[in-house]
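Residue numbers (this note's numbering), protein chains in the order written: chain A, 1 to 415; chain B, 1001 to 1415.
Take a look at the structure:
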């Protein structure tokens, strides 16, 4: 599976991945997913967006019941295949590859599932195109409505619905359900997402695999700094209203605040207008990614960065407007499920600062767990992201164990 | 003339101009120039790049001499029609429109020039596409060679020669001279460029028109800040090597240095990689536009900004490389010519911090002068750039006076 996936959307220059939703590289990844499902005889269920679950239907306990099984009966695993710009090979794909590999392991073990088992693929998890992380799972759960999504534009000004229409369905895709996206999750009784760790907790704990306890609250905030365009040569420094200076001061202040309180604040995306060498900019738009251990502390962090920015805007003769683009509250994963997974195996239970589709499903009331695979450097969202093969295989075995436990006949009434 | 020019390349959103060299809008401006020349019966002379002089040939004193007149006999005025990104209406076009209007005024006055009079159009003056200001006049004078220009790429990675070839020649353009660009300037005996002022000196001095004494040395320097891409959520602040922070500190330091010494330092263009909201960037490239009153002080300013940036890079775990993309030494315009123009009329003589094609021609040994037209706010390189109609007409009258003086039979042996 890796041999097929690794070349898709990879930059020869950086070695990183550019699998932006509804571009050719990402469509190729999605087509690969459909091929993998077809090769295993899995039944595809898609929604209007293109989120897909590949089902291994359970042998019906009652020969009269429908093959697809009753609502809430399914045990689903999976992840996403899109990437951040210039991202790593593992963030997303490791969860999908491990899901198929875990199903293969179950078959090799001769397991006959008492519940349907599914491999899920969620689209636009990174938010690299329309700015909203977990857009696919948010549409599937209704956390984001289609009306809200219709208002999203990518950085080239392409509207969300236009991008969808232009891309069309990838080869092998099931027809979208006319009844709407909610149906995709109807049969999902629990969801387990395996993911490469994006920090170094498992390295510190000397463990190949861990279980997630919670996701920190986090959000994306657009900071619009406005000033006055002017000639970079002839305009006296003291006559300028330069939003670049207000931005620079605000970016440094955000960093300092997050350091002070052990939180996270990042300005990783900047858009300057007109972005000419010999022009004082009229506008700098920058996006703050902020994360903190509680919703209150996240609000306080963003408010303080905004307050400092406003203070500097006042001195620079510029203005600052702050708008929350997406905010996710704290996610506490199903404690019982986590305990059932981690307990017998002594896997560490750790919090994460990264958002995941599992968090969206958990917030929507689906019993949800996450498994992490050790990342030797902790580096992620980067071409340097890595996981050792042995740790990846340990992850597949762990996921297979978890699925086997969940689909065993004695478990089919629980979870 | 303004009625035809004003709509070309104007953004409905900002009201500013996007006349980037060798794009449709700029090609339309160039075609307009050729039409204006043709409507006046002027003879077009172009070079390989597309720089053009529209000649009003003098009546030959000796009926046996060539119609084009001997080398160095021409009095040339003109400017450029390209714009910075989201620029104003006057920077460039005011000089071209005033040049044609001044020729019309000479004809209305019944002047029969004893020397050829030309209206010059230079391309890529702003450097908005290939990063080198005054590229057209630099190629015409040989200050930049074609071999050097062939190594230039625009921000989309298009090579200079490919852009030229794709654009083709605009309608009405003369065939390029096979003998090379130097020929274009062979007959130019002196050059007078009229330009909207880009500061407020003329406002302070209560004058509609002024004469330039000198151009400050100035340059463009690329600052490459490199760090390590990483996940914006999971990477602890103290584990990061974030080049955005080094850039922000450097931009603030540049501003402070320029303020301290009455110089100019601007970071108006920034390119972030991968520029994703939830990724610590791996690289930030920013361009410093710096100007100072002497070459030594310019060098010292850039060196100090670079030194401070290096110091911060060391603390941030990032690296900084600084490369000069283009540096222009001080230009002192022809003092005798300035005195002849300004003296009788009591026009103020002022220095400018902006580069111009006139500066390039002056550096190449062409006796050169500049006229400035008052700008009520001083704002330039911005949609808000403005000049009052009365001041523009005063500029045309001033330019016509200057040309009349230079082409009068008694002046034909001088200057």
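Even for Gly, the Cβ is constructed at its ideal location relative to N, Cα and C. Quick caveat: nothing in here was measured; it's all calculated off a predicted structure.
With a contact defined as Cβ atoms closer than 8 Å, residue 1267(B) and residue 244(A) qualify at about 6 Å.
Using a Cβ distance threshold of 7 Å, residue 1241(B) and residue 1228(B) count as a contacting pair.
Residue burial annotation: residue 2(A) is exposed, with fewer than 16 other C-beta atoms found within 10 angstroms of its C-beta.
The alpha-carbon of residue 45(A) is positioned some 8 Å away from that of residue 55(A). Excluding its 5 nearest sequence neighbours in each direction, residue 337(A) has C-beta neighbours in its own chain below 6 Å: 367, 369, listed in chain order. With the rule of 3 Cβ pairs closer than 8 Å, the segment 1247-1255 of chain B does not count as touching the segment 1341-1358 of chain B. Residue pairing by DSSP puts residue 79(A) in a beta bridge opposite 121(A). Beta-bridge partners assigned by DSSP to residue 191(A): 76(A), 368(A). Between the segment 1372-1390 of chain B and the segment 1194-1201 of chain B there are three or more C-beta pairs closer than 8 Å, enough to call the two in contact.
Straight across, the Cα-Cα distance linking residue 248(A) with residue 1019(B) is about 29 Å. DSSP places residue 147(A) in the uninterrupted alpha helix (DSSP H) bounded by 146-150. Within the segment 1322-1398 of chain B, the beta strand (DSSP E) runs of at least 3 residues that lie entirely inside it are, in chain order, 1349-1352, 1368-1373. The shortest CA-to-CA distance from residue 130(A) to any of 353(A), 395(A), 163(A), 99(A) is the one to 163(A). Cα atoms of residue 381(A) and residue 313(A): separation of roughly 32 Å, rounded to the nearest angstrom. The CB of residue 274(A) comes closer than 7 Å to the CB of 1084, 1085, 1086 in chain B, given here in chain order.
Counting only unbroken stretches of 4 or more residues, no alpha helix (DSSP H) element lies wholly within the segment 1207-1248 of chain B.
Considering only 1309(B), 1394(B), 1295(B), 1405(B), the residue with the shortest C-alpha distance to residue 1339(B) is 1405(B).
In the same chain as residue 159(A), and ignoring 5 residues on each side of it, the C-beta atoms closer than 6 Å to its own belong to 153, in chain order.
Annotation: residue 217(A) has no Cβ neighbours in chain B at a cutoff of 7 Å; minimum Cβ distance is about 11 Å. In this structure, 1089(B) is the residue among 1299(B), 1089(B), 1133(B), 1109(B) with its C-alpha nearest to the C-alpha of residue 1004(B). Annotation: the continuous alpha helix (DSSP H) that includes residue 1314(B) extends over 1295-1316. For residue 143(A) and residue 350(A), the gap between their C-alpha atoms comes out near 25 Å. A straight line joining the alpha-carbon of residue 215(A) with that of residue 1087(B) spans about 46 Å.
Looking at the DSSP output, residue 264(A) shares a beta bridge with 291(A). Of the candidates 399(A), 72(A), 390(A), 72(A) places its Cα closest to the Cα of residue 188(A). For residue 205(A), the enclosing alpha helix (DSSP H) starts and ends at 201-205. Interface annotation for the segment 186-199 of chain A against chain B: 197, 198, 199, criterion Cβ-Cβ distance under 9 Å. Per the coordinates, the alpha-carbon of residue 1132(B) lies some 8 Å from the alpha-carbon of residue 1126(B).
Ranked by how close their Cα comes to the Cα of residue 1083(B), the residues 1209(B), 1057(B), 1021(B) have 1021(B) in first place. Contact check for residue 1231(B) and residue 1355(B): beta-carbon distance about 43 Å, past the 8 Å limit, so the pair fails to qualify. Chain B has a Cβ within less than 7 Å of the Cβ of residue 354(A). For the set 1015(B), 1008(B), 1278(B), 1203(B), the Cα lying nearest the Cα of residue 1030(B) is the one of 1008(B).
In the three-state reduction of the DSSP assignment, residue 1086(B) falls in the coil class, being assigned neither a helical nor a strand state. For residue 1291(B) and residue 280(A), the gap between their C-alpha atoms comes out near 14 Å. A residue is called buried once 16 or more other Cβ atoms fall within 10 Å of its Cβ, and residue 27(A) is buried on that count.
When beta bridges are read from the DSSP output, residue 34(A) appears opposite no residue.
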